[in-house]
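S.K.: Going from the sequence shown to the working numbering is simple: count from 1 and add 478.
I am attaching a structure below and will ask some questions about it afterwards.
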Amino acid sequence: MPEALLPEPLASAGLFDLPRAASECRIVVAMSGGVDSSVVAALAAQTGAEVIGITLQLYDYGAATGRKGACCAGDDIRDARNVADRLGIAHYVFDHESAFREDVVEAFADEYLAGRTPVPCIRCNMGPKFTDLFRMARELGADCLATGHYVRRVMGAAGLELHRAADPARDQSYFLYATTDAQLDYLRFPLGGLPKAEVRQLAEAAGLRNAAKPDSQDICFVPDGDYAKIVRKLRPEGARPGEIVHAASGAVLGQHKGVIHYTVGQRRGLDIGGQPEPLYVVGIDAENARVLAGPRRLLAVTAAHLIETNRIGPQPDVPLTAKVRSLAKPVPVIVEGAIGDGASCTLRFEVPEYGVAPGQAAVIYAGERVVGGGWIDSTDSGVAELV
């Protein structure tokens with residue numbers, strides 16, 4: 479067992495919010511093989527509780543892409559096992575490739591085929607990761623399930639709340655808006671108050687072999703960034719060629735090799751010359767294999783209509799903001815309708831927002847608190863209707 483990672487009393491200052499003495503508790507840690515979840519496992523072991531690491535093998539993409547390792551596959555599973563051995567904790571690997579393919583990868587392909595922009599990491603958290611891990615952790619009699627996500631679990635006046643991470647550069651709250659109240663009660667996020675640099679220092683102090691391991695930058699099953707290749711393999715019909723049409727005039731500007739190569743807001747890859755101003759993808763007509771292109775002003779959106787919404791805690795009567803992409807800044811919105819229980823609602827942007835793509839998630843905030851969110855089903859344009 480490595481030396482203490484954090485000076486007392488910080489190491490035992492409630493990072494895991496255990497219900498009783500640590501020596502009487504069991505913590506299950508979701509271990510992906512990365513430095514974040516490895517440090518969570520080390521911190522959990524340091525509490526004196528019994529710790530069990532679980533890794534879900536979600537996607538064996540080595541043969542498909544020619545590249546080793548990433549989240550929950552290949553070299554990462556070996557890294558997780560080595561960390562568990564170093565910490566002296568139990569470690570189990572469960573094969574969930576079939577469920578992951580059906581719930582995440584196949585859905586990813588279908589969304590692109592329909593001209594939408596999917597967010598597979600949210601689907602994964604909603605499905606294989608949280609649902610299956612929760613069941614396993616409870617079957618193991620664990621008091622909580624800890625993950626390496628950079629978010630904070632905070633006790634508010636009306637109960638538990640999900641908050642953005644203390645380090646804005648690492649915040650992952652966008653990907654966890656679908657967390658339920660019951661899940662939040664069982665989850666622990668020990669890294670939510672720490673900067674990434676300190677997490678790496680903790681990994682080094684614990685002698686973890688993956689302390690300097692680079693962060694994953696791509697979708698785990700698309701490590702080379704060529705998502706169209708994955709979609710073509712699963713849905714060959716997505717490579718059906720068609721026309722690139724000017725969204726305002728209807729003029730045919732060129733040809734494309736399949737709508738799966740495009741997403742709303744995209745500028746590069748249109749290969750259209752001789753235009754008086756830069757053109758962007760402003761819409762996709764998947765049924766007719768048409769890509770709609772136009773100037774940036776045609777990307778302006780005044781409202782987004784959400785489906786399958788989730789709410790964490792009560793819906794507050796305070797000014798709200800929303801993020802429509804993981805790296806976007808939260809912008810002021812007015813919510814029309816109730817959030818949660820799978821209901822639909824509408825976000826009205828106080829100032830037109832750009833690059834809002836159906837298929838993405840819109841996550842709603844009240845200050846630092848994550849109120850909830852939903853999937854963007856459609857949008858209202860801030861300019862003349864597109865062709």
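Every residue, glycine too, gets a C-beta built ideally from N, C-alpha and C.
Could you check whether the segment 837-848 touches the segment 630-648, counting it as contact only if at least three pairs of C-beta atoms, one from each stretch, sit closer than 8 Å?
M.R.: Verdict: yes, contact present.
S.K.: Would you mind listing the alpha helix (DSSP H) stretches within the segment 615-687 that are 4+ residues and don't spill past its ends, in chain order?
M.R.: Counting only runs of 4 or more, we get 659-664 and 674-683.
S.K.: Counting along the chain, where does the beta strand (DSSP E) carrying Val849 start and finish?
M.R.: The count along the sequence shown starts at 1 and reaches residue 849 at position 371. Element bounds for Val849: Arg847 to Ser859.
S.K.: Run the CB neighbour count on Arg710, radius 10 Å, all protein chains shown included, and call it buried at 16 or more, exposed below.
M.R.: Along the sequence shown, one-based indexing puts residue 710 at 232. Counting Cβ neighbours within 10 Å, Arg710 comes out buried, since at least 16 surround it.
S.K.: Please classify Ala839: is it buried, with 16 or more other beta-carbons within 10 angstroms of its beta-carbon, or exposed?
M.R.: Counting from one through the sequence shown, the residue named residue 839 turns up at place 361. By the 10 Å Cβ count, Ala839 comes out buried.
S.K.: Rounded to whole angstroms, what is the Cα-Cα separation between Glu481 and Leu565?
M.R.: Here residue 481 refers to the residue found at position 3 when the sequence shown is read from its first residue. Here residue 565 refers to the residue found at position 87 when the sequence shown is read from its first residue. In this predicted model, Glu481 has a pLDDT of only 47, less than 50, meaning its place in the structure is not dependable; the value taken from the coordinates is given anyway. So the alpha carbons of these two residues sit roughly 10 Å apart.
S.K.: Could you give the residue range of the beta strand (DSSP E) that holds Asp763?
M.R.: Against the sequence shown, residue 763 aligns to sequence position 285. Element bounds for Asp763: Tyr758 to Asp763.
S.K.: Counting Cβ pairs, one atom from each stretch, are 3 or more of them under 8 Å apart for the segment 801-821 and the segment 617-627?
M.R.: No contact exists between the segment 801-821 and the segment 617-627.
S.K.: Going by DSSP, name the residue or residues bridged to Phe572.
M.R.: Your numbering for residue 572 matches position 94 in the sequence shown. Bridge partners of Phe572: Leu534.
S.K.: Considering only the alpha carbon of each residue, which of Ala800, Thr857, Leu521 and Ser501 lies closest to Met509?
M.R.: For this step, residue 509 is matched to residue 31 along the sequence shown. Checked all of Ala800, Thr857, Leu521 and Ser501; the closest Cα to Met509 is Leu521.
S.K.: So what does Asn788 bridge to, in DSSP terms?
M.R.: Within the sequence shown, numbered from 1, the residue matching residue 788 stands at position 310. Paired residue(s): Gly851.
S.K.: Around the Cβ of Ala615, are there at least 16 other Cβ atoms within 10 angstroms (buried) or fewer (exposed)?
M.R.: Position 137 of the sequence shown holds residue 615. It is buried - the Cβ of Ala615 has at least 16 other Cβ atoms within 10 Å.
S.K.: Ordered along the chain, which non-local residues of its own chain (more than five positions away) have a Cβ less than 8 Å from that of Val632?
M.R.: Indexing the sequence shown from 1 puts residue 632 at position 154. Excluding positions up to five away in sequence, the list reads Leu638, Glu639, Leu640, His641 and Arg847.
S.K.: How long is the line joining the alpha carbons of Asp514 and Val700, rounded to whole angstroms?
M.R.: In the sequence shown, counting from the first residue as 1, residue 514 sits at position 36. In the sequence shown, counting from the first residue as 1, residue 700 sits at position 222. Answer to the nearest angstrom: the Cα atoms are 21 Å apart.
S.K.: Could you please give the first and the last residue of the uninterrupted alpha helix (DSSP H) stretch that includes Cys599?
M.R.: Along the sequence shown, read from residue 1 onward, the residue named residue 599 stands at position 121. From DSSP, the alpha helix (DSSP H) with Cys599 extends over Pro598 to Cys602.
S.K.: For Ala771 versus Ala725, is the C-beta spacing smaller than 8 Å?
M.R.: For the purposes of this step, residue 771 is taken as the residue at position 293 of the sequence shown. For the purposes of this step, residue 725 is taken as the residue at position 247 of the sequence shown. Contact flag set, yes.
S.K.: For Ile790, is the classification buried or exposed, using 16 other Cβ atoms within 10 angstroms of its Cβ as the cut-off for buried?
M.R.: Against the sequence shown, residue 790 aligns to sequence position 312. That one is buried.
S.K.: Suppose contacts are defined by Cβ-Cβ distances below 8 Å. Is Val506 in contact with Ile530 by that definition?
M.R.: Residue numbering aside, residue 506 sits at position 28 when the sequence shown is read from its first letter. Residue numbering aside, residue 530 sits at position 52 when the sequence shown is read from its first letter. In this structure, Ile530 lies closer than 8 Å to Val506 by Cβ.
S.K.: Where does Gln524 fall in DSSP's three states?
M.R.: Here residue 524 is taken as the residue at index 46 of the sequence shown, counted from 1. Helix, per DSSP.
S.K.: To the nearest angstrom, report how far apart Ala635 and Pro792 are at their CA atoms.
M.R.: Residue 635 sits at position 157 when you count from the first residue of the sequence shown. Residue 792 sits at position 314 when you count from the first residue of the sequence shown. C-alpha separation (whole angstroms): 11 Å.
S.K.: Check each candidate in Cys698, Ala568 and Phe612 and name the one with the smallest Cα separation from Arg579.
M.R.: Residue mapping note: residue 579 aligns to position 101 of the sequence shown, counting from 1. Per the Cα distances, Cys698.
S.K.: So, does the segment 754-768 touch the segment 731-743, judging by three or more C-beta pairs under 8 Å?
M.R.: Enough Cβ pairs lie closer than 8 Å, so yes.
S.K.: Return helix, strand or coil for Lys807, following the three-state DSSP convention.
M.R.: As a position in the sequence shown, residue 807 is number 329, starting the count at 1. Note: Lys807 maps to coil in three-state DSSP.
S.K.: In three-state terms, what does DSSP make of Thr595?
M.R.: Numbered from 1 along the sequence shown, position 117 holds the residue referred to as residue 595. Looking at Thr595 - three-state DSSP - the assignment turns out to be coil, as it is neither helix nor strand.
S.K.: Whose C-alpha, out of Val723, Glu589, Tyr628 and Ile708, is nearest the C-alpha of Val677?
M.R.: For the purposes of this step, residue 677 is taken as residue 199 along the sequence shown, with counting starting at 1. Closest option to Val677, Cα to Cα, is Tyr628.
S.K.: Going by the CB atoms, is the gap between Phe653 and Ser804 shorter than 8 Å?
M.R.: The sequence position of residue 804 within the sequence shown is 326, counting from 1. The sequence position of residue 653 within the sequence shown is 175, counting from 1. Yes, Cβ-Cβ distance for Ser804 and Phe653 is below 8 Å.
S.K.: Taking 8 Å as the cut-off, decide whether the C-beta atoms of Thr658 and Asn766 are in contact.
M.R.: By one-based count along the sequence shown, residue 658 stands at place 180. By one-based count along the sequence shown, residue 766 stands at place 288. Result no, Cβ atoms of Thr658 and Asn766 do not sit closer than 8 Å.
S.K.: Taking DSSP as the reference, what is the three-state secondary structure of Tyr740?
M.R.: Numbered from 1 along the sequence shown, position 262 holds the residue referred to as residue 740. Tyr740 falls in the coil class under three-state DSSP.
S.K.: Pop quiz: Gly837 and Glu589 are said to be a contact at Cβ under 8 Å. What is the actual Cβ separation, rounded to whole angstroms?
M.R.: Taking the sequence shown and counting its residues from 1, the one referred to as residue 837 is at position 359. Taking the sequence shown and counting its residues from 1, the one referred to as residue 589 is at position 111. The Cβ separation is near 5 Å, so the contact holds.
S.K.: In this structure, does DSSP put Pro830 in helix, strand or coil?
M.R.: Looking up residue 830 in the sequence shown gives position 352. Three-state DSSP puts Pro830 in a strand.
S.K.: Can you give me the Cβ contacts of Leu618 inside the same chain, cut-off strictly under 8 Å, excluding the 5 residues immediately before and after it?
M.R.: Start at 1 with the first residue of the sequence shown, and residue 618 comes out as number 140. Cβ within range, chain order: Arg504, Val506 and Ile530.
S.K.: Determine, using beta carbons only, whether Arg768 and Glu715 come nearer to each other than 8 Å.
M.R.: Start at 1 with the first residue of the sequence shown, and residue 768 comes out as number 290. Start at 1 with the first residue of the sequence shown, and residue 715 comes out as number 237. Taking 8 Å as the Cβ cut-off, Arg768 and Glu715 do not qualify as a contacting pair.
S.K.: Which same chain residues end up closer than 8 Å to Lys735 when comparing Cβ atoms and leaving out the 5 residues on each side of it in sequence?
M.R.: Start at 1 with the first residue of the sequence shown, and residue 735 comes out as number 257. Here the set comprises Ala717 and Pro719.
S.K.: Could you spell out the range, first to last residue, of the beta strand (DSSP E) harbouring Arg768?
M.R.: As a working note, residue 768 is residue 290 in the sequence shown. Arg768 -> beta strand (DSSP E) spans Arg768 to Gly772.
S.K.: List the DSSP bridge partners of Ile842.
M.R.: For this step, residue 842 is matched to residue 364 along the sequence shown. Per DSSP, Ala800 and Gly850.
S.K.: Indicate the three-state DSSP secondary structure (helix, strand or coil) for Val517 in the structure shown.
M.R.: Walking along the sequence shown from the start, residue 517 turns up at place 39. Val517: helix per DSSP, three-state reduction.
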